[in-house]
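Peer 1: Every letter in the sequence shown is one number past the one before it in UniProt numbering, and letter 92, counting from 1, is 92. From the three backbone atoms N, C-alpha and C, an ideal C-beta is built for every residue, glycine too.
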Amino acid sequence: MRITHRSYEQGFTLGEALVSTAILGILLGLAVPAFTHLTLSSQKNSAAQQVRSLLSHARSTAVTTKKTIALCASQDGYRCVKTGAQFIIVFVDHNLNGQADSGELIRQEPVPSGTRYQVNVSSLNSIRFRSDGTASSYGSIVLCPSADNHYAARLIVSSMGRVRSARDSDGDGLIEGSDGNSLSCPA
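Structure, rendered in structure tokens:
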């Protein structure tokens, strides 16, 4: 009579592997939306900080050079547009036309991929700072890192040249525009 020894292999059974895979799938299903939220929120904050920094640079340049300095969204790096920007530009506005003419460009920053900007000012499509640091008019810049309005940001430039972030005043999770209505991002 022959004695056989059973050896048990180390590893998972098919049932254990299926249960582990199912648990992993559930956890990933919960993590992906949270990661998407984190990514879009980070993009919004980064874009807002970039524009805030450029506004501060434009204002301080206006004060130090004693010239009118403008900031605007641009498709080509020279002409100011209200929407559809590829760049944010800062320039000396010698002739006060609100456009970056030859030799006026100071700084040009690309718009982060997927982020849309909308510049709202009472005249022209640029925010202009005078030599004393005041803005030529009240204005705002709306930033949208996605088509979801919950990730919109709005930077407001007062006539004194100060920049502040708009807040959600009615608690619905959406930033309001100057008209009191929630901001809407283009699709």
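Just to confirm before moving on: does the CB-CB distance between residue 203 and A73 stay below 7 Å?
Peer 2: Any question about residue 203 goes unanswered here, given that the chain covers just 1 to 187.
Peer 1: Using DSSP with H/G/I as helix, E/B as strand and the rest coil, what is I23?
Peer 2: Reading the sequence shown from its first residue, position 23 is the one you call residue 23. Note: I23 maps to helix in three-state DSSP.
Peer 1: Can you check DSSP and say which residues form a bridge with F12?
Peer 2: Residue 12 sits at position 12 when you count from the first residue of the sequence shown. DSSP lists no partner for F12.
Peer 1: Tell me the rounded alpha-carbon separation between F91 and V111.
Peer 2: The residue labelled residue 91 in the question sits at position 91 within the sequence shown. The residue labelled residue 111 in the question sits at position 111 within the sequence shown. Using only the alpha carbons, I get a separation of about 16 Å.
Peer 1: If S113 and N149 are in contact, beta carbons under 8 Å, what's the gap, nearest whole angstrom?
Peer 2: As a first step, residue 113 is located in the sequence shown; it is residue number 113 there, counting from the start. As a first step, residue 149 is located in the sequence shown; it is residue number 149 there, counting from the start. No, S113 and N149 are not in contact; Cβ-Cβ is about 20 Å, not under 8 Å.
Peer 1: Exposed or buried, D93, counting other C-beta atoms within 10 Å across all chains shown (16 or more means buried)?
Peer 2: Against the sequence shown, residue 93 aligns to sequence position 93. Flag for D93 reads buried.
Peer 1: Given S20, which residues of its chain have a CB within under 8 Å of its CB, disregarding the five upstream and five downstream residues?
Peer 2: Position 20 of the sequence shown holds residue 20. The residues are F12.
Peer 1: From what residue to what residue does the beta strand (DSSP E) around L155 run?
Peer 2: Locating residue 155 in the sequence shown gives position 155, where the first residue counts as 1. Start and end: A153 to V157.
Peer 1: What separation, rounded to the nearest whole angstrom, lies between the Cα atoms of Q108 and L18?
Peer 2: In the sequence shown, counting from the first residue as 1, residue 108 sits at position 108. In the sequence shown, counting from the first residue as 1, residue 18 sits at position 18. The alpha-carbon atoms of Q108 and L18 are separated by roughly 54 Å.
Peer 1: Going straight from the alpha carbon of G15 to that of H37, what length do you get?
Peer 2: The residue labelled residue 15 in the question sits at position 15 within the sequence shown. The residue labelled residue 37 in the question sits at position 37 within the sequence shown. When rounded, the distance between both Cα atoms is 34 Å.
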